[in-house]
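Number of protein chains: 2
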Amino acid sequence: MLGQDYAHQTCSLARSLEVVGERWTMLILRDVLVGRRRFDELVASLGVTRTVLTQRLRLLVAEGVLERRAYQQRPERFEYHLTAKGRELTPIVAQLMWWGDRHYPEPAGPPRLLVHDGCGGPVRAAYRCGACHAELHPDQVATRPGPGAPAADADRPD
Amino acid sequence: MLGQDYAHQTCSLARSLEVVGERWTMLILRDVLVGRRRFDELVASLGVTRTVLTQRLRLLVAEGVLERRAYQQRPERFEYHLTAKGRELTPIVAQLMWWGDRHYPEPAGPPRLLVHDGCGGPVRAAYRCGACHAELHPDQVATRPGPGAPAADADRPD
DNA sequence: ATCGGTGAGTCGCTTCACGCAACTCACTGG
DNA sequence: CCAGTGAGTTGCGTGAAGCGACTCACCGAT
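Residue numbers (the numbering used here), protein chains in the order written: chain U, 294 to 451; chain H, 294 to 451.
And the structure:
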């Protein structure tokens, strides 16, 4: 992104954002998720410039979020597919879509739905406790310094 | 963000990203979530410039994601707090942190943990089907055009 | 009464990423 | 042989972000 990266941050979030936090990247991932996999298709759908799309796709492929795969030879043409690592980001896309629909609704209703493949029901993102397996409300989530915390934070319980 | 916005997009995701998709914004939200609520505290923690922090905080307050609240008079000093709307974004922050730890681990371990307030167990983001209430693997999630879909997309089942 | 310090911002300059539009290049089908 | 297509690359201008210094209101100590 711009200028210096977030590198001095001892932060898992910052490292994620180096890869998927740039402008257009989430929109590209959503488009690939819904089946728009080809360069010109993405340009047309997003209105992103070809230069920027090239840069983003290159980074996402290098980071193993997308896979670039030829769908024909002579002339060689390519499609971009989500890897397993990339599919792990789809809950984020889902939650952002849900949040946008909730707080900034389109009059016509949401343009795209996420559904449970098979059952057909709507999909939501949720918190789950890895210990007691309860589903959690955002208010029930607290933070604590982890093992890699800088010393300055060790005493900050909230 | 830069130049024209994503406005021509009929897209819930784009509208969310207009608010929380800019550089630094997610990091600011995480810091507020973990209790760094004051201007200079955020500058020191993030390394963001004061100018940019001012802009981001102003937008987040205007959009109702954060609340600016005086914690003392004379001299008047302020803290930023998440609103309910802002807390709805925390699963996204959580999933990004989880993803970063998983794929780009710190040698010392994650610097910050999300825990279930009370139980103390680790928190994960998950998909849940609103109809059959099953927890879903990312591969079990498909997309379909919604009621507000542009005509060009109506026939694109995947 | 002054002096240094703090919290919360502004201001001005520079640089780098993005927007725009045109161009390339390999190939194909009519 | 010429137009068209898919997948980019190139060059130029603008505006957002980085950097550091400055402001302004107030407080507490000398």
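Just so you know, even glycine gets a beta-carbon here, dropped at the ideal spot from N, CA and C.
Pull up the DSSP beta-bridge partners for Ser435/U, would you.
Before going further, note that residue 435/U is Ala rather than Ser in the sequence given. Partner(s): Val408/H.
With a threshold of 7 Å between beta carbons, is Gly379/U in contact with chain H?
Taking Cβ atoms only, chain H never reaches closer than 7 Å to Gly379/U, which makes this a no.
Kindly indicate which three-state DSSP category Arg329/H falls into: helix, strand or coil?
Correct three-state label for Arg329/H: coil.
Quick check: is the beta carbon of Pro440/U nearer than 7 Å to any beta carbon in chain H?
At least one chain H Cβ lies under 7 Å of Pro440/U.
Against His374/U, what residues of chain H qualify as contacts under a CB-to-CB distance less than 8 Å, listed in chain order?
In chain order: nothing, as chain H lies at least about 12 Å away.
Name the residue from Gly413/H, Cys412/H, Gly411/H, Glu428/H whose alpha carbon lies nearest to the alpha carbon of Ala419/H.
The shortest C-alpha separation from Ala419/H is found at Glu428/H.
Please tell me whether Ala419/U has its Cβ less than 7 Å away from any Cβ of chain H.
Yes, contact with chain H.
Need the endpoints of the alpha helix (DSSP H) that His396/H sits in, please.
It spans 383-396 - the alpha helix (DSSP H) in which His396/H sits, taken as one unbroken run.
Rounded to whole angstroms, what is the Cα-Cα separation between Ala424/U and Leu407/H?
Ala424/U and Leu407/H: Cα-Cα distance of roughly 12 Å.
Does the structure place the stretch 314-324 of chain U close enough to the stretch 361-368 of chain U that three or more beta carbon pairs sit under 8 Å?
The stretch 361-368 of chain U is not in contact with the stretch 314-324 of chain U.
Closest by CA to Ala442/H, which one among Ala435/U, Tyr397/U, Pro403/U, Gly439/U?
For the residues Ala435/U, Tyr397/U, Pro403/U, Gly439/U, the minimum Cα distance to Ala442/H belongs to Pro403/U.
Taking any Cβ of chain H, which residues in the stretch 397-411 of chain U have a Cβ under 9 Å from it, in chain order?
For the stretch 397-411 of chain U, which is checked against every Cβ of chain H, the residues closer than 9 Å are Tyr397, Pro398, Glu399, Pro400, Ala401, Gly402, Pro403, Pro404, Arg405, Leu406, Leu407, Val408, His409, Asp410, Gly411.
Ordered along the chain, which non-local residues of its own chain (more than five positions away) have a Cβ less than 6 Å from that of Leu306/H?
There are no such residues.
From this set, Val345/U, Thr436/U, Leu326/U, Gly414/U, which residue's C-alpha is nearest Trp317/U's C-alpha?
Closest option to Trp317/U, Cα to Cα, is Val345/U.
Would you call the stretch 433-442 of chain U and the stretch 383-402 of chain H touching, i.e. three or more CB-CB distances under 8 Å?
Output reads yes: the stretch 383-402 of chain H touches the stretch 433-442 of chain U.
Counting only beta-carbon atoms, is Asp324/H nearer than 7 Å to chain U?
False, the Cβ-Cβ gap to chain U never drops below 7 Å.
Using a Cβ-Cβ distance under 7 Å, would Val434/H count as near chain U?
Yes, Val434/H counts as interfacial toward chain U.
Please tell me whether Pro431/U and Thr383/H are closer than 7 Å, where the distance is taken between their beta carbons.
Yes, these two residues count as a Cβ contact at 7 Å.
Report back the beta-carbon spacing between Val312/H and Glu356/H to the nearest angstrom; my notes put them in contact at under 8 Å.
Confirmed, about 5 Å.
Cα-Cα, which of Arg367/H, Gly314/H, Lys378/H is closest to Arg349/H?
Among Arg367/H, Gly314/H, Lys378/H, the Cα nearest to that of Arg349/H is on Gly314/H.
Helix, strand or coil, according to DSSP, for Gly363/H in the structure here?
Sequence inspection shows Ala at residue 363/H; the Gly mentioned does not correspond to that position. Looking at Ala363/H - three-state DSSP - the assignment turns out to be strand.
Measure from the alpha carbon of Lys378/U to the alpha carbon of each residue in Leu389/H, Gly414/H, Val416/H, Arg421/H, then state which is nearest.
It is Leu389/H.
Using only CA atoms, which one of Cys412/U, Gly411/U, Tyr373/U lies nearest to Leu335/U?
The option with the nearest alpha carbon to Leu335/U is Tyr373/U.
Listed from N- to C-terminal order along the chain, which residues in the stretch 330-345 of chain U have their beta-carbon within a distance smaller than 7 Å of any beta-carbon of chain H?
Taking 7 Å as the Cβ-Cβ cut-off against chain H, the residues of the stretch 330-345 of chain U that qualify are Gly340.
Excluding sequence positions up to five away, which residues of its chain have a Cβ less than 7 Å from the Cβ of Leu375/U?
Answer for Leu375/U: Val325, Leu326, Leu359, listed in chain order.
Less than 7 Å between the beta carbons of Ser338/H and Arg329/H, yes or no?
Closer than 7 Å, so yes.
For Arg380/H and Arg343/U, I'd like the C-alpha separation in whole angstroms.
Computed Cα separation, rounded: 36 Å.
What does Val416/U touch in chain H if you count any residue whose Cβ is under 8 Å from its own?
What Val416/U touches in chain H: Tyr420, Arg421, Cys422, Gly423, Leu429, Val434.
Sort Leu310/U, Ala435/U, Gln433/U, Arg395/U by Cα distance to Tyr353/U and report the nearest one.
The sequence given here has Leu at residue 353/U, not Tyr. Nearest C-alpha to Leu353/U: Leu310/U.
Is the Cβ-Cβ distance between Cys412/H and Cys304/U less than 7 Å?
Contact: no.
Using a Cβ cut-off of 7 Å, pull out every chain H residue sitting near Gln388/U, in sequence order please.
The answer, in chain order, is Pro384, Ile385.
Alpha carbon to alpha carbon, how far is Arg308/H from His396/U? Give it in angstroms, no decimals.
Approximately 9 Å, taken between the alpha carbons.
Going by DSSP in three states, Arg308/H sits in which element: helix, strand or coil?
In this structure, Arg308/H counts as helix in the three-state DSSP scheme.
Could you check the C-alpha separation between Asp333/H and Arg367/H for me, to the nearest Å?
So the alpha carbons of these two residues sit roughly 18 Å apart.
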